[in-house]
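See structure below.
Residue numbers (my numbering), protein chains in the order written: chain W, 21 to 336; chain Y, 4 to 676.
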């Protein structure tokens with residue numbers, strides 16, 4: 021496991037995540053269409069949408085500040101960074117020690133703050149409304165996420181995501197009660213943070229309910245494409261964090277090229293199942309009223325805390 | 004040559020700077036009427052003094068302690084002074100942060116009348132000098148003299164605009180709480196000296212206290228200094244007094260003066276009392292968590308920018324207390340290494356808060372100066388008229404929201420890492436409670452981010468909410484901008500090179516507890532921040548920043564290379580409604596509405612809602628602090644009642660007073676023989 025292999029793995033993984041992320045979104049959309057008895061769009065549709073958006077001319081409001089034009093790139097950069105920290109394929113990532121789980125939550129917070137600021141930049145009522153709602157969801161999702169990650173950190177004695185994954189992958193197959201609580205909490209946070217039903221609906225533009233879409237209403241063309249892509253990477257990153265924490269088996273430990281095909285296959289299977297599960301959840305659940313979102317998220321927070329306490333009580 | 008020698012010793016050097024500040028203040032008074040002196044000489048010299056003091060403090064943190072006795076003060080009661088790593092760290096904070104604020108003040112006070120300016124110069128520099136002496140003091144006597152000078156000089160600064168009744172009453176409240184705190188601190192020194200009659204800190208350190216008396220001393224110190232720091236329930240003066248002052252003074256008060264209270268707490272609890280108990284730490288944690296959440300929740304409800312920032316100072320004091328509390332719990336349970344980490348986290352946050360809160364208050368001052376606005380609901384779109392101020396304010400806002408890679412994140416990260424040491428503890432209840440306090444910190448951090456999205460989005464972004472009436476809004480002047488740039492650079496330096504400061508703070512921890520961080524933490528290079536061991540946790544802000552900037556640029560280059568950068572400008576999308584005005588934007592109150600909804604029980608709200616067929620519909624909302632009704636007003640009523648009863652003694656007739664003297668004499672003759 022030398023340094024050069026590590027760098028190669030790092031670059032390979034980052035590029036892989038960025039390129040594969042829209043595919044996951046396509047797969048989720050396809051599954052959802054099947055479940056809802058519609059004929060499904062092509063799984064490659066997100067790529068076509070991105071290409072279409074990149075080719076268009078950007079339309080920008082006259083009073084937009086530089087912050088507005090900078091934000092899509094910052095969002096994309098933040099998510100790309102997140103894709104570099106999370107052990108998706110391998111655990112020897114030379115960049116991973118630069119940012120641990122707390123910094124990872126910080127990256128997501130940075131992206132959220134920038135997108136909320138950009139939403140308020142034009143000064144339309146929808147932008148402010150979206151920003152306000154997004155921050156409302158964020159302020160509860162973020163601590164819940166941290167508590168979930170802390171549970172894993174207490175089990176493995178480290179806040180490095182790679183170390184956590186190595187520790188968790190080596191435990192014997194037993195159900196840890198603390199991890200079970202944490203997994204449920206994490207799932208709830210994942211739904212909220214990725215603007216999914218029951219907190220937000222990614223496919224609506226109904227003014228009373230939209231959160232994320234209200235924020236990006238002013239964006240068009242390449243800026244919109246970057247934001248959509250960043251959103252796809254975010255979903256991919258969250259799913260891989262979940263997989264890394266709760267189903268870590270199969271990942272290529274160390275710089276093992278031979279294990280890579282197994283790792284990719286395992287990841288593809290796990291992601292396909294997770295995507296189908298997400299589509300199922302989105303089909304079964306109804307969107308919650310906005311002011312039920314804090315209740316949803318505070319229960320996620322309490323579950324995460326409960327998981328942590330369980331760890332201290334039963335040491336497992 | 005002698006002068007050089009004197010300056011080369013940190014102790015004499017810092018005393019010299021304090022004396023220079025005093026001299027500058029007095030010279031300002033002599034040359035009253037000559038505004039040129041104040042503007043061009045006094046403030047720049049004061050800022051230079053700050054820079055020198057900052058450098059001295061930085062040096063002193065690495066040197067062994069140094070003591071000195073000055074034959075000043077009362078006969079047989081000379082001033083004792085001492086500089087050690089803890090004092091050095093706080094002197095560095097005072098010097099470096101005040102330098103930026105003073106540069107800013109040079110520009111900010113340019114329009115003052117000469118008479119007022121002379122007074123401001125005097126009070127400002129006396130205030131700075133007294134803070135330096137508080138930190139340098141090595142006996143209870145000098146400490147209290149400097150502490151009271153600090154309270155009085157800042158009182159006069161707060162009431163600079165004393166013609167407004169609201170500011171006079173804010174100043175009075177400040178003075179009152181400051182003195183209640185001072186009484187507690189005085190009593191604490193009384194308990195500590197244990198009847199020896201010697202009030203030097205050496206004697207206080209040496210005194211052996213029973214656990215009961217040590218706890219009483221701790222409580223007196225905690226609440227005495229806490230009153231000055233603005234922790235709940237003694238915070239009520241802070242959101243009144245800090246916004247009342249001129250903005251550079253607000254920055255000094257929030258950025259630096261609150262920190263002298265933290266200094267006092269650390270000095271008395273860790274150094275003078277010693278033998279920290281974990282129960283004390285739990286009290287500090289509970290009050291710290293309450294202060295943090297209270298501060299941020301009330302900050303979210305404010306629409307006066309400076310008041311909002313003052314509530315955030317309350318919140319940040321809570322965060323510092325969380326770090327201190329964790330540190331005391333670990334030390335109390337016999338894990339000094341983790342305890343030192345907590346102490347370092349708390350002190351790091353002390354420094355960080357000084358830098359970014361100073362910056363934010365200066366930004367608020369520039370808005371007030373240029374646009375004449377303090378109410379967020381009237382601002383909007385300031386990024387177009389004052390882009391440079393907007394840039395610095397954004398740095399401050401991101402730093403206070405604890406976002407990587409700026410400085411606020413580092414200290415919160417260290418506090419989290421301290422909480423994650425919880426499995427070390429023997430007591431299972433405390434072990435499971437400690438991560439809960441970390442959860443409070445996470446919640447407060449996310450709420451802070453929400454609050455600063457609100458501040459920045461409403462003040463700087465969007466469209467102007469009120470039509471400009473007077474002259475067009477201009478950006479801050481050069482000197483003001485320089486002051487802000489200095490502090491903004493501080494946010495980056497503290498955020499990107501934390502290991503340097505970690506090592507310095509490790510010296511402070513070593514001198515206070517005799518324990519330092521693990522060898523692995525101390526041997527890590529400047530690039531990596533490692534609190535305990537590399538496989539447990541590490542963070543590299545420089546790499547983090549490089550990667551995030553790198554990939555952002557790469558994304559930009561790729562988009563431009565493979566596609567294009569064509570842009571068309573148009574009106575904002577109006578959703579099909581042709582009538583769009585700037586009043587349709589979110590206001591500060593609207594932005595806080597979800598929080599008001601979620602945390603309704605926290606607030607004392609009076610809401611007046613218009614009915615459907617109201618001829619003149621009006622919506623009004625008033626949010627008050629419950630502490631006023633639960634704590635302050637009952638005490639005020641009790642005080643008024645007691646004074647009325649004591650007032651009965653005053654009859655205004657000489658015969659009655661002679662009777663009192665006669666009765667006293669008889670009583671003395673009977674009882675004292």
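All C-beta atoms in this analysis are idealised placements derived from N, C-alpha and C, irrespective of residue type, glycine included.
Counted as a single uninterrupted DSSP element, the beta strand (DSSP E) harbouring residue 84 of chain Y occupies residues 80-86. Here the region 429-442 of chain Y does not lie against the region 529-541 of chain Y, with fewer than 3 beta-carbon pairs under 8 Å apart.
Under a 10 Å Cβ-count criterion, residue 233 of chain W is classified as buried, with 16 or more other Cβ atoms of the shown protein chains found around its own Cβ. Within chain W, no C-beta atom comes nearer than 8 Å to that of residue 310 of chain Y; the closest sits roughly 20 Å away. Put simply, of Y:278, Y:588, Y:524 the residue whose alpha carbon is nearest the alpha carbon of residue 152 of chain W is Y:588. Excluding its 5 nearest sequence neighbours in each direction, residue 96 of chain W has C-beta neighbours in its own chain below 7 Å: 246, 249, 250, listed in chain order. Note on residue 86 of chain W: under 16 other CB atoms within 10 angstroms of its CB, so exposed under the neighbour-count rule. In this structure, the alpha-carbon of residue 394 of chain Y lies about 18 Å from that of residue 131 of chain W. By the C-beta density criterion, residue 167 of chain W is buried, having at least 16 other C-beta atoms within 10 angstroms. Within chain W, the residues 85, 86, 87, 141 have their CB atoms less than 9 Å from the CB of residue 386 of chain Y, given in chain order. Runs of the alpha helix (DSSP H) spanning 4 or more residues and lying entirely within the region 584-672 of chain Y occur at 591-601, 636-650, in chain order. Look at residue 559 of chain Y: its C-beta is under 8 Å from a C-beta on chain W.
Sorting Y:78, Y:38, Y:192 by C-alpha distance to the C-alpha of residue 119 of chain Y places Y:38 at the top. Neighbours of residue 203 of chain Y in chain W, taken as residues at a C-beta separation under 7 Å, are lacking, since the least C-beta distance is about 43 Å. Between residue 103 of chain W and residue 257 of chain W, the gap from beta carbon to beta carbon is short of 8 Å. Only residues of its own chain outside the window of five on either side were considered, and among them 383, 466, 467, 468 have a CB closer than 7 Å to the CB of residue 585 of chain Y, listed in chain order. Only residues of its own chain outside the window of five on either side were considered, and among them 161, 164, 165, 168, 320 have a CB closer than 7 Å to the CB of residue 209 of chain W, listed in chain order. Residue 124 of chain Y and residue 106 of chain Y have their C-alpha atoms spaced approximately 13 Å apart. The DSSP assignment places 168-196, 204-209 as complete runs of the alpha helix (DSSP H) inside the region 148-218 of chain Y, in order along the chain (cut-off: 4 residues).
Taking a Cβ-Cβ threshold of 7 Å, none of the residues of chain Y is close to residue 42 of chain W; the smallest such distance is about 15 Å. In the DSSP assignment, residue 80 of chain W falls within the unbroken beta strand (DSSP E) covering 78-81. Taken in chain order, the members of the region 196-227 of chain W whose beta-carbon sits within less than 9 Å of a beta-carbon on chain Y are 227. By the CB criterion at 8 Å, residue 461 of chain Y and residue 364 of chain Y fall outside the cutoff. Across the set Y:160, Y:18, Y:122, Y:197, the C-alpha of Y:18 shows the shortest separation from the C-alpha of residue 141 of chain Y.
Contact annotation: in the region 160-194 of chain W, residues whose CB is within less than 7 Å of a CB in chain Y are 162, 163, 166, 167, 170, 173, 174, 177, 178, 179, 180, 183. Chain order gives no chain Y residues near residue 234 of chain W, where near means a beta carbon separation below 9 Å; the closest approach is about 11 Å. Note: residue 142 of chain Y is bridge-paired with Y:203 in the DSSP secondary-structure output. Cα atoms of residue 303 of chain Y and residue 330 of chain Y: separation of roughly 29 Å, rounded to the nearest angstrom.
For residue 402 of chain Y, the CB contacts under 6 Å within the same chain, skipping 5 residues up- and downstream, are 359, 409, 410, 411, 494 in chain order.
CA-to-CA, the gap between residue 263 of chain Y and residue 525 of chain Y works out to about 28 Å.
Contact residues of the region 64-85 of chain W toward chain Y are 74, 75, 77, 78, 79, 80, 81, 82, 83, 85 (C-beta to C-beta distance below 7 Å). Sequence-distant Cβ neighbours of residue 222 of chain W in its own chain, meaning closer than 6 Å and more than five residues away, are 215. Listed by position along chain W, the residues whose Cβ is nearer than 7 Å to that of residue 581 of chain Y form an empty set, because the closest Cβ is around 13 Å away. Of the candidates Y:256, Y:52, Y:518, the residue whose Cα lies closest to the Cα of residue 231 of chain Y is Y:256. Of Y:620, Y:385, Y:669, Y:301, the smallest CA-CA separation from residue 316 of chain Y is found for Y:301. Taken atom to atom, the span from the alpha-carbon of residue 299 of chain W to that of residue 54 of chain W is near 9 Å.
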